[in-house]
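Residue numbers for the sequence shown follow my numbering, so the first one is -4 and each next one is one higher. By construction, the Cβ of each residue, glycine as well, lies at the ideal position given by its N, Cα and C atoms. Please read all numbers here as calculations on a predicted model, not as lab measurements. Reading through the structure tokens given below for one structure.
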Amino acid sequence: MTIKILGLLHTGVRIAPGKDDMIQAKYFYKDLLGLQFDEKRPIIKSIPGFWVNVRKDDPSLQIHLFGADGISPAARSRKEDPTRAHIAFAVKDLEMTKTVLKARGINFWVYENLVGQGSDQVFFEDPFGNMIEFQQLDSESD
């Protein structure tokens, strides 16, 4: 049994959390690189930052910039910190994905409703310590 990945959602990277750092991030990603910011990013308690569209007017592929130093306030531990650098994939069925991970003996953790109602996210590490995120997108199809 394998996990059905529908596509890449975003790459999450950290930026410093200060007000001046947010201004610098906007300058770099928007003014220098010419990328657009997703104005629909919800307010995420304790995680300042931005969602940046890689393709103009297309939020289907993004870079998520997380304002965090050390362990973020949203973290459960140093390892279980949603602001760690990671790659996020859309999956067909999040419950089936969790079943596959369990069957393979892969430890994972879940954040429920972090970025809004029904926004469950499954996080785990690959064999090399890189964090991976899975989300189910209800609007996706085969």
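Beyond the five residues adjoining it in sequence on each side, E107 comes within less than 7 Å, by CB distance, of D115 in the same chain, given in chain order.
In the DSSP assignment, Q112 is bridged to no other residue.
The count of Cβ pairs closer than 8 Å, one atom from the stretch 2 to 9 and one from the stretch 46 to 63, reaches three, so the stretches are in contact.
In this structure, DSSP gives D15 a helical state, which the three-state scheme calls helix. The straight-line gap separating the alpha-carbon atoms of G111 and P37 is approximately 7 Å. Counting C-beta pairs with one atom in each stretch, the stretch 80 to 100 and the stretch 16 to 25 have fewer than three that are closer than 8 Å, which means they do not touch. Taking C-beta atoms as the reference points, A83 and D76 fail to come closer than 7 Å.
Annotation: the stretch 28 to 100 contains the following complete segments of the beta strand (DSSP E) (minimum length 3 residues), in chain order: 44 to 50, 53 to 62 and 81 to 86. Looking at the DSSP output, F103 shares a beta bridge with F119.
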